[in-house]
Amino acid sequence: MPFQYADADMIPELRRIWADAFPQDGAEEIESFISHAMGRYKCAVWTQDGNPVSMTFLLPAVLESVSAGSLRLVYIYAAATLSEHRGQGIFGRLLTQVHERLNAEGTDACFLHPASQGLFDYYGRYGYQPFFRVVTENYPGGFAARTKAKNENHISYNIADKRNLLLKDHPAWVRWGDDLVNMAAGNAVGSGGAVVVNDGGMAICEPAGDKLFVREWLCGSGYEDGLMAEVSERFPGRDVILRRPAKENEATKSEYFGMIYPLNRKIAERLKTTGDDIPYMGLAFD
């Protein structure tokens, strides 16, 4: 059968597909994710002559929404096809089979982060709709110099719990599994970045050339300057690019970051008004 879920014997082929599709990722990075994911999450593959030629990992999450309630999500991640098999519609067939299987298994919707406008268009052909939004802001390196970091001895935070607490009042947001939040945090630290946490917020930071990229900035009102001061103190002089949830009045300031595909009509109806809540995805492992 061309469509199936991967087993441990297919790991070498999965590494090959990943390295072929995402040459910017190093062997250690690829191995780290695959070794963590296999046995925890499903990886859907399309095979030819018994060998995988296309794949996507399926990562579980939950949409916490005031208007739609809690929905069971699956994140489409590391979607890739070997270069010699592209242009044949293979991944489209794989994705369609994934939708049918997940719907039968009780998943409510799939979601993903397209890396380019072309991919927004591509996934739109399969029924995905722009849904999740984010605000991206830029700050010069000296921005936080006006506010001194408090340098308090903060308690040790559970990063996943802290994230959930900071997002709990947002009208629509993705609750990732604890291990995936911790993986994103670990990836940031491993790249030379840091997870900066204080009583009012958290920032997952990664170097981006001579700048600092804050993959996720979550901060309560009144704590922004203090958190920026702590980030700036940790990475002095660097310009900062940060992504954060949009506030209630920032629909026009925000940009689409992720797409969603409801797996049945009932869920599609429940999601109709959720887009007005400016849904936030957050961690995308992009």
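For the sequence shown, the residue numbers in the numbering used here are -8 to 277.
Even for Gly, the Cβ is constructed at its ideal location relative to N, Cα and C.
Backbone CA spacing between residue i and residue j [nearest angstrom]
| i | j | result |
| --- | --- | --- |
| Leu218 | Thr38 | 48 Å |
| Gly211 | Gly168 | 22 Å |
| Pro236 | Glu221 | 20 Å |
| Val172 | Ile150 | 7 Å |
| Ala176 | Ile195 | 6 Å |
| Ser74 | Gly191 | 46 Å |
| Tyr214 | Tyr119 | 36 Å |
| Leu5 | Asp216 | 44 Å |
| Ile67 | Tyr130 | 32 Å |
| Arg116 | Ser107 | 15 Å |
| Gly17 | Leu93 | 31 Å |
| His145 | Ala275 | Because the pLDDT at His145 is just 48, under 50, the model does not fix this residue reliably, and the value given afterwards should be weighed accordingly. Their Cα atoms are separated by approximately 27 Å. |
Anticipated Cβ contact below 8 Å, residue i with residue j, distance rounded
| i | j | result |
| --- | --- | --- |
| Val231 | Leu203 | 5 Å |
| Leu233 | Glu128 | 5 Å |
| Pro198 | Ser223 | Between Ser223 and Pro198 the Cβ distance is about 14 Å, and since that is not below 8 Å, they are no contact. |
| His104 | Asp277 | 6 Å |
| Gly200 | Gly132 | About 13 Å separates the two Cβ atoms, so there is no contact after all. |
Proximity of residue i and residue j at Cβ, strictly below 8 Å
| i | j | result |
| --- | --- | --- |
| Phe122 | Gly249 | yes |
| Ala(-3) | Pro43 | yes |
| Phe(-6) | Gln79 | no |
| Met193 | Arg225 | no |
| Val186 | Val180 | yes |
| Phe13 | Ala71 | yes |
| Met29 | Ile2 | yes |
| Met174 | His76 | no |
Residues bridged to residue i (per DSSP)
| i | result |
| --- | --- |
| Val187 | Ala194 |
| Thr127 | Arg234 |
| Lys153 | DSSP output for Lys153 lists no bridge partner at all. |
| Gln120 | Ile251 |
At a cut of 8 Å, does the region 157 to 165 reach the region 57 to 73 through at least three beta carbon pairs?
Cβ pair count under 8 Å is three or more, so yes.
When you compare the region 249 to 260 with the region 83 to 101, are there three or more beta-carbon pairs, one atom per stretch, that lie closer than 8 Å?
Two segments are said to touch when three or more pairs of C-beta atoms, one from each, lie closer than 8 Å; by this definition the region 249 to 260 touches the region 83 to 101.
Check whether the region 238 to 248 and the region 111 to 130 are in contact - that is, three or more C-beta pairs closer than 8 Å.
Taking a cut-off of 8 Å on C-beta distances, the region 238 to 248 touches the region 111 to 130, as three or more cross pairs fall below it.
At least three beta-carbon pairs within less than 8 Å, the region 27 to 36 to the region 47 to 56
Per the Cβ contact rule, the region 27 to 36 is in contact with the region 47 to 56 (3 or more Cβ pairs under 8 Å).
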